[in-house]
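Reviewing the structure listed below.
Protein chains: 2
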Amino acid sequence: MPATLIDGKHYSAEVKARVAVGVEALKAQHGITPALAVVLVGEDPASKVYVASKGRACAEVGIRSIEHRLPETTSEDKLLALVRQLNDDPEVSGILVQFPVPAQISQQAVINTIDPLKDVDGLHPLNAGRLASGLDAMVPCTPYGAYLMLKGVRDDLSGLKALVIGRSNLVGKPVAQLLLKENCTVTMAHSRTKDLRAEARAADILVAAIGRPHFVQADWVKPGALVIDVGINRIPAPEKGEGKTRLVGDVDFTPASEIAGAITPVPGGVGLMTVACLMRNTLIAAHRQAGLADPAV
Amino acid sequence: MPATLIDGKHYSAEVKARVAVGVEALKAQHGITPALAVVLVGEDPASKVYVASKGRACAEVGIRSIEHRLPETTSEDKLLALVRQLNDDPEVSGILVQFPVPAQISQQAVINTIDPLKDVDGLHPLNAGRLASGLDAMVPCTPYGAYLMLKGVRDDLSGLKALVIGRSNLVGKPVAQLLLKENCTVTMAHSRTKDLRAEARAADILVAAIGRPHFVQADWVKPGALVIDVGINRIPAPEKGEGKTRLVGDVDFTPASEIAGAITPVPGGVGLMTVACLMRNTLIAAHRQAGLADPAV
Numbered sequence: 001m002p003a004t005l006i007d008g009k010h011y012s013a014e015v016k017a018r019v020a021v022g023v024e025a026l027k028a029q030h031g032i033t034p035a036l037a038v039v040l041v042g043e044d045p046a047s048k049v050y051v052a053s054k055g056r057a058c059a060e061v062g063i064r065s066i067e068h069r070l071p072e073t074t075s076e077d078k079l080l081a082l083v084r085q086l087n088d089d090p091e092v093s094g095i096l097v098q099f100p101v102p103a104q105i106s107q108q109a110v111i112n113t114i115d116p117l118k119d120v121d122g123l124h125p126l127n128a129g130r131l132a133s134g135l136d137a138m139v140p141c142t143p144y145g146a147y148l149m150l151k152g153v154r155d156d157l158s159g160l161k162a163l164v165i166g167r168s169n170l171v172g173k174p175v176a177q178l179l180l181k182e183n184c185t186v187t188m189a190h191s192r193t194k195d196l197r198a199e200a201r202a203a204d205i206l207v208a209a210i211g212r213p214h215f216v217q218a219d220w221v222k223p224g225a226l227v228i229d230v231g232i233n234r235i236p237a238p239e240k241g242e243g244k245t246r247l248v249g250d251v252d253f254t255p256a257s258e259i260a261g262a263i264t265p266v267p268g269g270v271g272l273m274t275v276a277c278l279m280r281n282t283l284i285a286a287h288r289q290a291g292l293a294d295p296a297v
Numbered sequence: 001m002p003a004t005l006i007d008g009k010h011y012s013a014e015v016k017a018r019v020a021v022g023v024e025a026l027k028a029q030h031g032i033t034p035a036l037a038v039v040l041v042g043e044d045p046a047s048k049v050y051v052a053s054k055g056r057a058c059a060e061v062g063i064r065s066i067e068h069r070l071p072e073t074t075s076e077d078k079l080l081a082l083v084r085q086l087n088d089d090p091e092v093s094g095i096l097v098q099f100p101v102p103a104q105i106s107q108q109a110v111i112n113t114i115d116p117l118k119d120v121d122g123l124h125p126l127n128a129g130r131l132a133s134g135l136d137a138m139v140p141c142t143p144y145g146a147y148l149m150l151k152g153v154r155d156d157l158s159g160l161k162a163l164v165i166g167r168s169n170l171v172g173k174p175v176a177q178l179l180l181k182e183n184c185t186v187t188m189a190h191s192r193t194k195d196l197r198a199e200a201r202a203a204d205i206l207v208a209a210i211g212r213p214h215f216v217q218a219d220w221v222k223p224g225a226l227v228i229d230v231g232i233n234r235i236p237a238p239e240k241g242e243g244k245t246r247l248v249g250d251v252d253f254t255p256a257s258e259i260a261g262a263i264t265p266v267p268g269g270v271g272l273m274t275v276a277c278l279m280r281n282t283l284i285a286a287h288r289q290a291g292l293a294d295p296a297v
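Structure, rendered in structure tokens:
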């Protein structure tokens, strides 16, 4: 593969190392230990895995981890009451409610209730609007991770044509805002886009955030393009044994890596940045709540 | 000119007529008269003209107009105190502080202080974020006016390629969000975009919001494209006499109208929609503050 591999392990270790230094400094200079409260409702196995990995990352960087596990039958009122209690708790720097929540709870109501200053997922409309308006915001973790990887490969993105496939509030839209701020010419594409292949082939930066395994074919990639694959899809892997599965991205990695200039793998790419950037957001949130300038992380 | 003229007079009259009906119904059914508070700081002649035109539009549709004129030397504290007083006043449905404000006042501080529910300019980050997140928002007036004109020309915009030139919080970014919601493939271009002409020529919808007279040349326009010219630029018009000026848009209208499928003129285009949509926002704000469903305007 002629493409440079954009290694999530390397980039996420760098972010976590910077966060660990920042946490240490905040403790030493201001006596503040940042704390992340993670709320898990129900027993979804994937969610449990994510929550556990967040706990491990906290331990790694010196952030205090607080876990709240609520039963599957928890009412919306009860969950919102817990969120408000965490909003009011001066010991809590960041709040993350693990999505999806059970059907009796409105995800948007949860998002709207989290104090924007503690909204380390960056999903509150105020944070989306602050990002769009060019103001300090809590930026969603996955898009920021993708952004850091792009900046790592090529510091000056100005004037590059970027195509973002997928327009979710969690990934596509914030990625577009971050790239626009870097002076890219940004196109937002989605399921209704005509001739997605032609759009992709014109892009110097290609961000795939659709959630469809191997959706982006190698001949969609412009030679030399920077390709960021945000998709994490589980597909059958009979070659590993009956009933076995494996993770793949939205990009058909092996052939695409013959054409791209740099590309993220799945697994081992953007996914690792999400948790690292969650640690980063928690540290930033702790600074802002204490009236301190943002740390250099 | 083979292009259909997208007539701002026609569209703005339609909007104002619908608003007038809505105001009448709100008065008759709920005893509520919507009121718009306009705050003007200083003596800028253009601002005075705008404020006067807003007052006339209010009278036309039955909205109560409240004007606050403050001296050029007004402090930020004093202006913010007035904004807070208007926030708390149950008689006031919408608040518009005429920009620019004098240099001693932070425009962003003013924007952040206005109650998002009364933010009829749609500039508060919470409204920008609610728009970006696909939630009910106060949408800035000029972008919404541009959007209504496009929808008037062609109801189904799905799959069309749209190019928005200019990325201001007031126009470019919200236009892009509105077109994305309509399932357009949306590209955001700006001063750092390479080969803007090629980008423009590929666009089924071209929105120019740069503020540079006749910046968009006729040969940038794709044959049959819908062209929305948001620019309002004053240029010398020696043909009208010494020292005379005239208004032109960002698009070189006369030759472009030979190529476009439909095009807005300047003056007489989007500009007229801004005030009409301000009336619309004020009516919507009055409904939301009263806990009523949005009116069909």
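The listed protein sequences derive, respectively, from chains C and R.
Going letter by letter, the first sequence gives residues 1 to 297 in full-length UniProt numbering.
Going letter by letter, the second sequence gives residues 1 to 297 in full-length UniProt numbering.
Ideal Cβ positions, reconstructed from N, Cα and C, are used throughout, including at glycine.
Asked: Decide if the segment 250-269 of chain R is in contact with the segment 290-297 of chain C; the criterion is three or more beta carbon pairs, one per stretch, under 8 Å apart.; Found: no
Asked: 8 Å is my cut-off, CB to CB: does Met138 (chain R) come that close to chain C?; Found: no
Asked: Starting from Leu292 (chain R), follow the beta strand (DSSP E) in both directions and report where the run begins and ends.; Found: Careful: Leu292 (chain R) lies outside any beta strand (DSSP E) and carries neither H nor E.
Asked: Which of helix, strand or coil does DSSP assign to Ile111 (chain C)?; Found: helix
Asked: Using only the alpha-carbon positions, how far apart do Gly31 (chain R) and Glu24 (chain R) sit?; Found: 10 Å
Asked: Spell out a yes or no on whether the segment 125-139 of chain R and the segment 274-292 of chain R are touching, meaning 3 or more CB-CB pairs, one atom from each, closer than 8 Å.; Found: yes
Asked: For the candidate residues R:Ser106, R:Gly129 and R:Asp204, whose alpha-carbon lies nearest to that of Arg154 (chain R)?; Found: R:Asp204
Asked: I'd like to know whether the C-beta of Ala189 (chain C) is nearer than 8 Å to at least one C-beta of chain R.; Found: yes
Asked: Mind listing, in chain order, the continuous beta strand (DSSP E) runs of no fewer than 3 residues lying wholly within the segment 12-45 of chain R?; Found: 35-41
Asked: Determine, using beta-carbon pairs with one atom in the segment 8-24 of chain C and one in the segment 72-80 of chain C, whether at least three such pairs fall under 8 Å.; Found: no
Asked: Taking Cβ to Cβ, would you say Val227 (chain C) is nearer than 8 Å to Ile263 (chain C)?; Found: yes
Asked: Any idea what DSSP makes of Asn233 (chain R), helix, strand or coil?; Found: strand
Asked: With the cut-off set at 8 Å, would you say Val186 (chain R) and Leu196 (chain R) are in Cβ contact?; Found: no
Asked: Between the segment 273-287 of chain C and the segment 87-102 of chain C, do three or more beta carbon pairs fall short of 8 Å?; Found: yes
Asked: Checking contacts by CB at 8 Å: is Lys48 (chain R) closer than that to chain C?; Found: no
Asked: With distances taken between CB atoms, is the gap from Met188 (chain R) to Ile6 (chain R) smaller than 8 Å?; Found: no
Asked: For the segment 191-210 of chain C, which residues have a beta carbon sitting closer than 8 Å to at least one beta carbon of chain R?; Found: Arg192, Thr193, Lys194 and Glu199
Asked: Within 8 Å, do at least three Cβ pairs link the segment 123-133 of chain C to the segment 51-70 of chain C?; Found: no
Asked: Ordered along the chain, which non-local residues of its own chain (more than five positions away) have a Cβ less than 8 Å from that of Ala202 (chain C)?; Found: Lys161, Leu163 and Lys222
Asked: So, is Val49 (chain C) buried or exposed, given that buried needs 16 or more other C-beta atoms within 10 angstroms?; Found: exposed
Asked: DSSP three-state label for Ser93 (chain R), please.; Found: coil
Asked: Any beta carbon of chain R sitting closer than 8 Å to that of Thr185 (chain C)?; Found: yes
Asked: Can you check which of these residues, R:Leu170, R:Asn112, R:Tyr144 and R:Leu131, is closest to Gly269 (chain R) by C-alpha distance?; Found: R:Tyr144
Asked: With DSSP collapsed to three states, give me the class of Thr142 (chain R).; Found: helix
Asked: So, helix, strand or coil for Met279 (chain C), using DSSP?; Found: helix
Asked: Between Gly261 (chain C) and Gly55 (chain R), what straight-line distance do the alpha-carbon atoms span, to the nearest angstrom?; Found: 58 Å
Asked: At what residue ranges does the segment 120-183 of chain C contain a whole run of the alpha helix (DSSP H), taking only runs of 4 or more?; Found: 125-132, 141-153 and 172-181
Asked: Contact criterion: CB-CB distance below 8 Å. Does Leu117 (chain C) meet it with respect to chain R?; Found: no
Asked: Can you find a CB in chain R that lies within less than 8 Å of the CB of Asn125 (chain C)?; Found: Checking the displayed sequence, the identity of residue 125 (chain C) turns out to be Pro instead of Asn. Yes, contact with chain R.
Asked: State the start and end residues of the unbroken alpha helix (DSSP H) segment that holds residue 321 (chain C).; Found: Since the first residue shown for chain C is 1 and the last is 297, residue 321 (chain C) is missing from the structure and cannot be characterised.
Asked: I need the straight-line Cα distance from Ala225 (chain R) to Glu199 (chain R), nearest angstrom please.; Found: 13 Å
Asked: Report, in whole angstroms, the separation of the C-beta atoms of Val171 (chain C) and Thr142 (chain C), which I expect to be a contact under 8 Å.; Found: 5 Å
Asked: Sorted by chain position, which residues of the same chain lie with C-beta nearer than 6 Å to Gly122 (chain C)'s C-beta, five sequence neighbours on each side aside?; Found: Met138, Val139 and Pro140
Asked: Taking a Cβ distance cut-off of 7 Å, strictly less, list which residues of the segment 155-182 of chain C are near chain R, in chain order.; Found: Ser158, Gly159, Arg167, Asn169, Lys173 and Leu180
Asked: Between Ile114 (chain R) and Val41 (chain R), is the Cβ-Cβ spacing less than 8 Å?; Found: no
Asked: Using C-beta distances below 8 Å, list every residue in its chain close to Glu43 (chain C), excluding the 5 sequence neighbours before and after it, in chain order.; Found: Glu72
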